[in-house]
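**Q** Start counting at 1 in the sequence shown, then tack on 178, and there's your number in this note's numbering. Idealized CB from N, CA, C, for every residue including glycine. Handing you this structure, nothing more for now.
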Amino acid sequence: MIKLTPSFTRMVFYGFALLGLSVLVGFILYWLSPKPELIKHTSYSSAYFSRSGELLRLTLANDERFRLYTPLQAITQNVQQATIIYEDKYFYQHPGVNIAALARAINDTYIKRTRRIGASTLTMQVARLRFNMNSRSIVGKIQQMLRALQIERHYSKAQILQAYLNLAPYGANIEGIGAASWIYFNKPAHALTQPEATLLAVIPQNPNKRNIATHTGFNAALKIARRVNGDKPLIIDYVNIQSIKNLPFVAPHFINRLILQHRYKPAQSYTTSLNLPLQKLVRQQAQQYITRHKHSGINNTAALLLNFNTMHIEAELGSVDFFNRSIHGQVNGTRAKRSPGSTLKPFIYAGAIDQGLIHPYSLLKDAPQRFGAYTPENYDQQFMGPVLATHALALSRNVPAVSLQAQLTAPTFHQLLLNASISQLRSPEFYGLALALGGVEVTMHELAGLYAMLGNLGLHQKTRSLLTSDKKGTQLISPEAAYIALNMLKSTAKVNQNTPLQKLYQAKPYDVYWKTGTSFAFRDAWAVGIFGHYVLAVWVGNFDGEGNPNFVGRAAAGPLFFNIIQAIANEQPIRNYWPDITTVPPKAATKLRLTHQGKPLNLRLIDVCKDTGELPNQHCPTLRKSLFIPGKSPIKSGNIYRKIWLDKKTGLRACNPNPKTQTQRVFEFWPSDLLQLFNQAGIQRKLPPAFMPECTLDDTASSGLAPRITSPSNQLTYALQKNHNTLALKATADTNVAQLYWFANQQYLGSQAADQTFFWSATVGTYTLKVVDDHGRSASIEIIITLAQ
């Protein structure tokens with residue numbers, strides 16, 4: 179029996195007081211303990227997925243581990259339940275430390291020494307993983323328990339479980355269930371089956387021994403998992419489990435670009451715009467094409483498939499082989515600056531249509547022309563003479579394109595490219611008029627964006643690599659001009675008959691609006707165009723800039739372009755995005771109202787004379803349909819085809835009609851400048867005969883067209899140099915005019931042939947310039963001549 183002395187009583191009192199104080203201090207410390215960070219303290223992997231959710235790339239975290247942050251709601255209940263059953267079945271009951279389990283562990287480990295038991299709860303394991311503790315020592319275990327209590331003080335059970343599943347080791351350098359599920363089973367954590375979840379749940383206790391990517395590790399983990407699964411069958415095949423070396427490495431150029439763009443952002447999962455089946459299809463077609471054409475020195479290609487409706491990149495091939503050093507395979511051909519050749523010409527024509535310079539069938543001049551010191555030539559070093567605008571674009575004639583570029587104002591072609599965000603543009607003077615022929619360098623993305631602008635009826639938008647829906651853009655070309663330019667591009671196949679490309683194009687139930695291009699010295703071959711709701715761009719060449727005579731757009735890039743289109747059409751239906759109102763009956767065309775952003779397009783479908791592009795008179799032999807922008811398109815009534823009286827005996831042109839001795843026939847009356855071009859091109863026209871000898875000047879002057887002065891321009895002031903005072907006088911005349919006569923202020927200056935230029939030594943003054951043809955018809959203008967300072 180213990181005698182209660184005053185000293186003993188005081189000792190007991192102080193003991194309980196000390197215990198109470200300790201409890202109180204412990205409670206205060208527990209309550210005031212700071213909140214530790216469980217998730218953001220470490221780095222994570224970034225995951226890039228296709229638009230349908232397939233993994234394209236899983237990057238390493240900063241510490242060279244695969245660790246993909248995955249919120250708890252994105253982790254299947256199969257994983258959560260299996261983890262709790264195996265690791266800590268009383269997880270939801272204890273405050274972070276399981277006292278009963280801890281007592282059993284002390285008894286078995288240190289007293290009985292039968293086996294070593296850790297007794298770590300999930301919370302304690304989170305503490306060990308978060309603070310990198312050595313929990314095998316007593317001191318370490320105490321620290322682990324205190325940290326567990328601290329964690330439980332500030333976090334819910336769901337947050338603690340989420341932290342564990344994102345930090346736990348799953349073999350090799352894999353941490354977290356998010357990375358483990360993709361690496362081992364190529365699926366997200368929310369899609370794991372019960373057997374898969376159980377197999378993964380047992381790995382963290384011994385990740386080195388239970389690495390399921392190895393045969394022995396799989397068997398070791400499977401043995402434990404079957405015990406955890408209880409009565410439920412655990413059926414899983416080792417051959418279906420993948421390892422780190424099987425991680426996907428799809429569209430490497432595309433993903434590398436995204437990684438570079440996001441290098442300063444926190445790691446996360448990205449859903450890209452990439453369409454994985456189309457990506458594989460484009461890559462397969464490119465590889466097959468290169469294999470077939472290696473004998474021609476064609477070793478590399480790049481391609482881009484853009485959905486212009488959403489501006490999403492659905493396939494991107496930077497090179498045919500990313501790992502081939504001999505072709506510099508890691509260079510991204512879709513982002514490299516290259517000369518586009520003639521692929522920019524459609525935008526010159528669209529601008530010319532928009533500014534009222536031409537309509538689709540305006541007659542242009544494909545003839546030698548000098549623009550200052552620049553004299554452009556065609557690819558074939560020949561000239562076609564007069565050529566319709568649509569055919570000039572389809573046949574990629576250089577001179578008409580340069581001539582149209584020289585006429586563009588507000589915006590100029592350089593300004594249009596600048597507005598379309600073409601990067602690294604130099605001054606307009608640096609390029610001059612060579613801009614029309616590929617004198618500027620663009621990337622494939624920029625080029626595809628320009629063609630997407632046509633598909634979106636003049637609205638220019640940025641291409642997008644992530645699955646976003648932002649469709650902001652800038653209207654750079656009118657919807658009407660863009661639609662007309664599209665229809666002009668569609669005629670490429672019709673104009674280029676009997677070519678290998680024609681065989682690839684023919685008999686397709688959908689339209690292809692396309693253009694090819696070849697850069698200077700055969701360094702780049704291009705084919706780019708629109709089909710369905712896609713823009714497809716294809717490039718063939720060498721990244722080191724070495725040229726090859728086989729690098730011709732039509733021959734080198736064109737076949738691959740159509741091969742890819744056909745392969746896509748075999749997998750999915752291709753339907754025209756915009757209807758072609760030029761191919762429907764006239765009555766139906768009036769009912770088919772094209773709209774853009776809710777507004778009807780200001781377009782009309784009219785008849786024009788097939789060979790002249792003018793509004794037809796009653797003598798035009800053949801008509802064609804043409805699109806027309808009322809109030810903008812420059813179109814006039816035709817007077818090329820005229821019916822005249824001919825003397826039956828001589829066949830000469832009569833002056834006074836007499837049905838008894840004369841007959842009527844239709845002839846072509848071309849202006850002298852166009853007639854000269856026809857002659858230079860060796861094209862014969864049906865020209866009228868000369869007048870009968872008895873016809874007077876009064877008779878001839880009353881018929882036909884008066885001349886038109888083309889140089890100098892009316893109402894302008896010309897400043898001449900003191901020692902260079904020569905002014906060029908030029909006019910066009912009717913077909914049967916041979917000579918032109920020039921006058922200045924009624925003073926005769928001289929004459930020249932109708933197709934020649936007259937040079938006048940002018941002096942300072944105000945002049946009325948007059949030209950008279952040899953049939954008595956005339957025209958005049960007013961000019962002022964000054965002396966240059």
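Among 460, 437 and 476, which one has its Cα closest to the Cα of residue 725?
**A** Of the listed residues, the one whose Cα sits closest to residue 725 is 476.
**Q** Can you grab the Cα-Cα spacing for the pair residue 354 / residue 256, in whole Å?
**A** 15 angstroms
**Q** Please state if the CB of residue 729 and the CB of residue 700 are separated by a distance shorter than 8 angstroms.
**A** yes
**Q** Select from 272, 309 and 298 the residue whose C-alpha is nearest the C-alpha of residue 214.
**A** For residue 214, the closest alpha carbon among the candidates 272, 309 and 298 is that of 309.
**Q** Would you tell me roughly how many angstroms separate the C-alpha atoms of residue 902 and residue 940, rounded to the nearest one?
**A** 9 angstroms
**Q** In whole angstroms, what separates the C-alpha of residue 201 from that of residue 219?
**A** Legend: pLDDT at residue 201 = 49, less than 50; position of this residue unreliable, value from coordinates given subsequently. Roughly 31 angstroms separates the two Cα atoms.
**Q** Quick one: grab the DSSP three-state call for residue 846.
**A** strand
**Q** Classify residue 328 as buried or exposed, calling it buried when 16 or more other Cβ atoms lie within 10 Å of its own Cβ.
**A** buried
**Q** What separation, rounded to the nearest whole angstrom, lies between the Cα atoms of residue 400 and residue 253?
**A** 21 angstroms
**Q** Assess, as a yes-or-no matter, whether the region 883 to 903 is touched by the region 862 to 869 under the definition of 3 or more beta carbon pairs within less than 8 angstroms.
**A** In short, these stretches do not touch, since the Cβ pair count stays below three.
**Q** Considering only residues of the same chain and omitting the five flanking positions on each side of residue 633, which have a CB-CB separation below 6 angstroms?
**A** 486 and 708
**Q** For residue 301, does the three-state DSSP call read helix, strand or coil?
**A** Residue state, collapsed to three classes: helix.
**Q** With a CB to CB cut of under 6 angstroms and the five nearest residues on each side skipped, what residues in its chain are close to residue 421?
**A** 391
**Q** Pop quiz: residue 481 and residue 690 are said to be a contact at Cβ under 8 angstroms. What is the actual Cβ separation, rounded to whole angstroms?
**A** Actually they are not in contact, since the Cβ atoms of residue 481 and residue 690 sit about 15 angstroms apart, beyond 8 angstroms.
**Q** Below 6 angstroms CB to CB, which residues in the same chain sit around residue 542 once its five sequence neighbours on both sides are set aside?
**A** 565, 567, 570 and 578
**Q** Can you check the region 674 to 742 for any alpha helix (DSSP H) of at least 4 residues that lies completely inside it and give the ranges in chain order?
**A** 678 to 683
**Q** On the criterion of 16 or more Cβ atoms from any shown chain inside 10 Å, does residue 946 qualify as buried, or is it exposed?
**A** Exposed, because fewer than 16 other Cβ atoms sit within 10 Å of the Cβ of residue 946.
**Q** In whole angstroms, what is the alpha-carbon distance linking residue 385 and residue 250?
**A** 22 angstroms
**Q** Check the C-beta distance from residue 657 over to residue 774 and give it rounded, since I have them as a contact under 8 angstroms.
**A** 4 angstroms
**Q** For my contact list, residue 586 and residue 529 are in at a C-beta cut-off of 8 angstroms; report their separation, rounded to the angstrom.
**A** 5 angstroms
**Q** Check whether the Cβ atoms of residue 165 and residue 302 lie closer than 8 angstroms to each other.
**A** Examination of residue 165 is not possible in this model, given that the chain is present from 179 through 967 alone.
**Q** Buried or exposed: where does residue 554 fall if 16 or more other Cβ atoms within 10 Å of its Cβ makes it buried?
**A** Classification for residue 554: buried.
**Q** So residue 892 packs on residue 963, CB below 8 angstroms; how close in whole Å?
**A** Going by Cβ atoms, the distance from residue 892 to residue 963 rounds to 14 angstroms, so no, they are not a contact pair.
**Q** Comparing alpha-carbon positions, which option in 469, 560 and 493 lies nearest residue 860?
**A** 560
**Q** Can you give the beta carbon distance from residue 509 to residue 517, rounded, assuming they're within the 8 angstroms contact cut?
**A** Contact doesn't hold; Cβ gap of about 16 angstroms is too wide.
**Q** Terminal residues of the continuous alpha helix (DSSP H) containing residue 578?
**A** 576 to 585
**Q** To the nearest angstrom, how far is it from the Cα of residue 781 to the Cα of residue 638?
**A** 21 angstroms
**Q** Pick helix, strand or coil for residue 233, following the three-state DSSP scheme.
**A** strand
**Q** Below 7 angstroms CB to CB, which residues in the same chain sit around residue 845 once its five sequence neighbours on both sides are set aside?
**A** Hits under 7 angstroms: 820, 822, 864, 865 and 866.
**Q** Counting pairs of beta carbons, one from the region 921 to 935 and one from the region 904 to 913, are three or more of them closer than 8 angstroms?
**A** yes
**Q** Do you know offhand how far residue 942's Cα is from residue 931's?
**A** 27 angstroms
**Q** Tell me the start and end of each unbroken alpha helix (DSSP H) in the region 576 to 636 that is at least 4 residues and wholly inside, in chain order.
**A** 576 to 585, 591 to 597, 606 to 609 and 622 to 633
**Q** On a Cα-Cα basis, can you pick out the residue from 424, 419, 448 and 839 that is closest to residue 433?
**A** 448
**Q** Among 600, 606 and 525, whose alpha-carbon lies nearest the alpha-carbon of residue 574?
**A** 525
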